[in-house]
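Since the structure comes first, as C-alpha cells, the remarks are kept for the end.
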Amino acid sequence: MSGQSRILEGYVSLPYRWAMGETTTRFFDEFKNKKIMGTRCGKCNRVLIPARSFCSHCFDNVDEWVEVGQEGVIKTWVAVNFSYEGQPKEPPYILGIIELDGADVGLPHFIGGVPMDDFDELAKKVRIGEKVRAVWKESREGNILDIDYFEPVD
Amino acid sequence: MNMRVCVVGVGAIEAEGPILELSHKEMLFHATRKALDDAGLERKDIGSAITATFDFLEGRSLSNQYTLDSIGGVMKPCDLRLGEDGIYSLFAGYMEVMSDPSQIVLVASVQKASERDPEGLGYQKLIADAMEPVFSRPVCKSIPNLLNLESILAAMEARAFMERTGLREKDLAEVAVKNLKSHCGKKGSEPDMKTVLKSETLSWPIRRMTKAREADAACAVILASEKRAGSLRNEPVFVSGVGWASDRSHLPFRDQGISRETKWAARQAYKMAGIRRPEKEIDFAEVSDWYAHRELMHCEALGLCSSGEIQNCAKDRRFDKEGKLPVNPSGGLLGSGNAIGTSGLIRVAQVVDQIRVQANGFQIQRPEVGLAQSWGGIPTATAGVTVLSKW
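Going line by line, the protein sequences match chains A and B.
Okay, so the first sequence: first residue is 44 according to the numbering used here, each after it adds one.
Okay, so the second sequence: first residue is 22 according to the numbering used here, each after it adds one.
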C-alpha cells in the first residue's frame with residue numbers, strides 16, 4: 044500500500060418544482076392585497092397560518108377562511124451577523140417567529156426597522172413578547188417575501 | 022390464536038395526470054382520511070404511524086417530519102420512517118402490531134412525479150446519482166442522452182432475461198397490452214400490439230409503452246391485530262405472510278435477467294403463509310410491471326408458474342384477468358402509472374380491494390388469496406412480497 048487515497052470529484056443535482064396546492068396558492072394571492080389569511084378548524088377552533096386545508100389535530104378538512112392581524116408578538120428571534128451560501132439577504136439581519144393576532148401558530152419572518160449597528164440598542168426594541176407589525180413591499184408577487192419584514196410597534 | 026395481523030382500512034389518491042391542486046402533504050392527508058373512514062376510525066385511535074418514501078424523490082430531506090401532520094402522527098408514540106418503497110411500511114407496521122397487538126398502526130406513502138418534472142428528468146438524474154460513483158457512474162454519465170439512462174440499464178437485464186427464456190419482444194408487448202386493457206377496460210379504448218410495438222424505442226427492447234409512465238399518488242393502509250380487527254367495521258383481510266430481500270448491491274455483480282431478490286422475499290412470505298405451491302394456492306397477484314419484462318421476471322421468481330415455463334405463460338394467457346392466475350388485474354403500473362416509492366403500497370391496497378370484492382371495474386372472480394410484490398426499480402435489487410388472504 045502506498046498510503047495514498049485519491050478523491051473523485053462529483054455532484055448530485057436534483058431539480059424540483061413543488062405544487063403548492065389550491066389553499067397555499069390562495070394564501071399567497073391574498074398577499075397581493077396585503078391580507079394575511081388563515082383557516083379556522085371548525086372542531087378545535089385553531090386558526091392556522093399559513094392557511095391550511097386540514098387540521099392535523101382533528102384530522103378533518105378545514106375551509107373557513109379568516110383574516111388575521113397584521114400585528115403579532117415575537118415568540119423568539121436571532122440576529123444573523125455572518126454570511127453563508129444561499130443566504131436570503133445581506134447580513135446583518137434579524138430572523139424571528141411571530142405569532143400574529145388571531146392566529147394559533149407562529150410564522151417565521153424577518154424583523155426589521157431597527158438600528159442594526161448597535162446590538163444593545165437593538166435588543167431593547169426586539170424582545171420576546173414584544174409587538175411587531177407587517178411591513179409590505181411596494182411590488183408584491185404572491186410569495187412569502189411580499190412581507191418585507193415585521194417592525195416593532197412603539 | 023389472536024396474533025395474526027390484518028388490514029382493516031385502505032385509502033388511495035390516484036390520478037391520470039399530475040395532481041396540482043393538492044400539495045403532496047395534502048394528498049397524504051386525503052389518503053389517510055379515506056383509510057380512517059374506510060376503517061371507521063379516527064386520528065385518536067392511531068397508535069403508531071409510519072411512512073415510507075424517498076427523500077430525494079420528495080424533494081426535501083427528513084421529509085417524514087414534514088408529513089407527520091398528514092398521517093395523524095402528531096404527538097404519537099411512534100413516527101417511524103423508512104427510505105424505501107411503500108410496501109416496506111406494511112412490513113414495519115406488521116412488526117409494530119406484533120409488538121403491541123392492542124394498537125392500530127397506520128402506514129402510508131406519497132409520491133409526486135409531476136414535481137420532479139413531467140418527463141421524469143429528475144428521476145433520471147436520481148438514477149445517475151444512485152449509481153456507484155467510482156466505477157459505474159463514469160460510464161453512465163458519458164452516455165450522450167442522460168434521459169435514457171434508466172432504459173439503458175433496464176434493456177441490459179431485459180436482453181439477458183429474453184436470451185435465457187426465449188421470450189421475444191412480442192411477448193413483452195403482450196404484457197403491456199394485457200395491462201393497458203385491464204386499466205382501460207371500463208373506457209372501452211383498446212390498445213393493440215401494433216401500437217405498443219410502434220411506440221418509441223427508448224433502448225431496445227424497452228419502448229415507451231413497455232415502460233410504465235410516472236404518476237402522482239398517495240396511499241394509506243391501516244393494520245390491526247386479529248383480536249382488535251374483530252370489533253371493527255370491515256371484514257379484515259389477513260396479512261398471512263411478509264418477506265423482503267436484497268441481492269448484491271453492485272449492479273454488475275448480480276445475475277442479469279433474474280429477480281433473485283423477489284425469489285428470496287417470496288420464500289419468506291410463503292413460509293409464513295404456509296404456501297407450498299404458489300401457482301396453485303395463490304389466486305391472483307399484483308406485481309411490479311415497471312417494465313413489461315419485469316412482470317414476467319417477477320412472476321417467474323414468485324413461482325407463479327413451474328420452473329422453466331415462463332415463456333409459455335405469455336402464450337397460454339394464464340395471467341390475463343380472466344386467466345387461471347390473474348396478474349395485475351388492476352392494470353398494474355403499465356396501465357395506471359408508476360408512483361415510484363408508493364406503488365408498492367398501492368399494490369397492497371389493490372389486493373385488499375379485490376379480496377373484499379370492492380375492486381370497482383377491476384374485480385376478478387373468487388379472490389381469496391392474493392399476492393402483492395414490489396421492486397425498488399433500476400438500479401436496485403430490492404423486493405418486498407406479501408400474501409393477503411380472506412378472513
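No residue lacks a Cβ here, since even glycine has one placed at the ideal position from N, Cα and C.
Owing to the predicted nature of the structure, the values given are computational and were not obtained by experimental measurement.
Using DSSP with H/G/I as helix, E/B as strand and the rest coil, what is residue 172 (chain B)?
Three-state result, residue 172 (chain B): helix.
If we define contact as Cβ-Cβ less than 9 Å, is residue 80 (chain B) a contact residue for chain A?
Proximity of residue 80 (chain B) to chain A, defined by a Cβ-Cβ separation below 9 Å, is satisfied.
Please confirm if the segment 343 to 363 of chain B is in contact with the segment 221 to 240 of chain B, defined as three or more CB-CB distances below 8 Å between the two stretches.
Because the criterion of three Cβ pairs below 8 Å is met, the segment 343 to 363 of chain B and the segment 221 to 240 of chain B touch.
Quick one: list the residues of chain A neighbouring residue 154 (chain B), beta-carbon separation under 8 Å, in chain order.
Going along chain A in sequence order, the residues near residue 154 (chain B) (Cβ under 8 Å) are 51, 53.
Is residue 104 (chain B) closer than 9 Å to residue 76 (chain B) when the C-beta atoms are compared?
It is a contact, given that the beta carbons lie within the stated cut-off.
My guess is that residue 118 (chain A) and residue 149 (chain A) are in contact by the Cβ rule of under 8 Å, so how many angstroms apart are they, rounded?
Sure, about 5 Å apart at Cβ, within 8 Å.
Closest Cα partner of residue 324 (chain B) within the set B:128, B:198, B:287, B:177:
Checking every option, the nearest Cα to that of residue 324 (chain B) belongs to B:287.
Cutoff 9 Å: residue 308 (chain B) Cβ touching any chain A Cβ
Answer no: the Cβ-Cβ gap between residue 308 (chain B) and chain A never drops below 9 Å.
Which of the three DSSP states, helix, strand or coil, is assigned to residue 120 (chain A)?
In the structure shown, residue 120 (chain A) sits in a strand (DSSP, three-state: E or B).
Do we get a CB-CB distance below 9 Å when we pair residue 39 (chain B) with the residues of chain A?
Yes, contact with chain A.
For residue 133 (chain B), return the contacting residues in chain A, with the cut-off set at a CB-CB distance below 8 Å.
Contact annotation for residue 133 (chain B) against chain A: 62 [CB-CB distance below 8 Å, chain order].
Kindly list, in the order they appear in chain E, the residues whose Cβ is closer than 8 Å to that of residue 95 (chain B).
Checking the listed chains, one finds no chain E in this structure; the protein chains it contains are A and B.
Within the 9 Å Cβ cut-off, does residue 59 (chain A) reach chain B?
So, interface residue.
Residues in the segment 72 to 88 of chain A having any Cβ partner in chain B nearer than 8 Å:
So the list is empty, because no residue satisfies the distance condition.
Can you tell me where the beta strand (DSSP E) holding residue 136 (chain A) begins and where it ends?
Residue 136 (chain A) -> beta strand (DSSP E) spans 136 to 143.
Under 8 Å: do the segment 106 to 121 of chain A and the segment 137 to 152 of chain A share three or more Cβ pairs, one atom per stretch?
Three or more Cβ pairs drawn from the segment 106 to 121 of chain A and the segment 137 to 152 of chain A lie within less than 8 Å of each other, which places the two stretches in contact.
Residue 3 (chain B) in three-state terms, based on DSSP:
Beyond the ends of chain B as shown, which are 22 and 412, falls residue 3 (chain B); an answer cannot be given.
So residue 67 (chain A) contacts chain B; which residues on that side make the cut at Cβ distance below 8 Å?
Simply 44.
Does the beta carbon of residue 101 (chain B) come closer than 9 Å to any beta carbon on chain A?
So no, residue 101 (chain B) is outside the interface.
Going by Cα to Cα distance, which pick from B:120, B:335, B:176, B:131 is closest to residue 199 (chain B)?
Ranking B:120, B:335, B:176, B:131 by Cα distance to residue 199 (chain B) puts B:335 first.
Got a sec, what are the start and stop residues for the beta strand (DSSP E) residue 237 (chain B) sits in?
Per DSSP, residue 237 (chain B) belongs to the beta strand (DSSP E) from 237 to 246.
Distance, residue 187 (chain A) Cα to residue 402 (chain B) Cα:
Going by the C-alpha atoms only, they are around 42 Å apart.
Where does the unbroken alpha helix (DSSP H) through residue 46 (chain B) begin, and where does it stop?
Run containing residue 46 (chain B): 45 to 60, per the alpha helix (DSSP H) assignment.
Within the same chain, show all residues whose beta-carbon is closer than 6 Å to that of residue 73 (chain B), passing over the 5 residues directly before and after it, in chain order.
Leaving aside the five residues that flank residue 73 (chain B) on each side, the residues in its chain whose CB is nearer than 6 Å to its CB run, in chain order, 103, 105, 107, 109, 110, 130.
DSSP on residue 61 (chain A), reduced to helix/strand/coil?
The three-state secondary structure of residue 61 (chain A), taken from DSSP, is coil.
Tell me the residue span of the beta strand (DSSP E) that contains residue 194 (chain A).
Here the beta strand (DSSP E) through residue 194 (chain A) covers 190 to 195.
Counting only beta-carbon atoms, is residue 96 (chain A) nearer than 9 Å to chain B?
Chain B, which has a Cβ nearer than 9 Å to the Cβ of residue 96 (chain A), makes this yes.
Residues that DSSP places opposite residue 189 (chain B) in a beta bridge
Note: residue 189 (chain B) sits in no beta bridge, so no partner.
Between residue 33 (chain B) and the rest of its own chain, which residues show a CB-CB distance below 8 Å, the 5 nearest in sequence each way excluded?
Setting aside the 5 residues that flank it on each side, residue 33 (chain B) is surrounded in the same chain by 52, 55, 238, 239, 240, 241, 367, 370, each with a C-beta closer than 8 Å to its C-beta; the list follows chain order.
Of all the CB atoms in chain B, is at least one closer than 9 Å to the CB of residue 103 (chain A)?
Interface criterion met: the Cβ of residue 103 (chain A) is under 9 Å from a Cβ in chain B.
Three-state secondary structure (DSSP) at residue 312 (chain B)?
Correct three-state label for residue 312 (chain B): strand.
Three-state secondary structure (DSSP) at residue 259 (chain B)?
Correct three-state label for residue 259 (chain B): strand.
Cβ pair residue 355 (chain B), residue 364 (chain B) closer than 9 Å:
Contact flag unset, no.
To the nearest angstrom, how far is the alpha carbon of residue 258 (chain B) from that of residue 170 (chain A)?
Looking at the two C-alpha atoms, the distance is approximately 57 Å.
Proximity test, Cβ basis, 9 Å: residue 91 (chain B) and chain A
Chain A contact via Cβ: present.
Please classify residue 165 (chain A): does DSSP put it in a helix, a strand, or coil?
Three-state DSSP puts residue 165 (chain A) in a helix.
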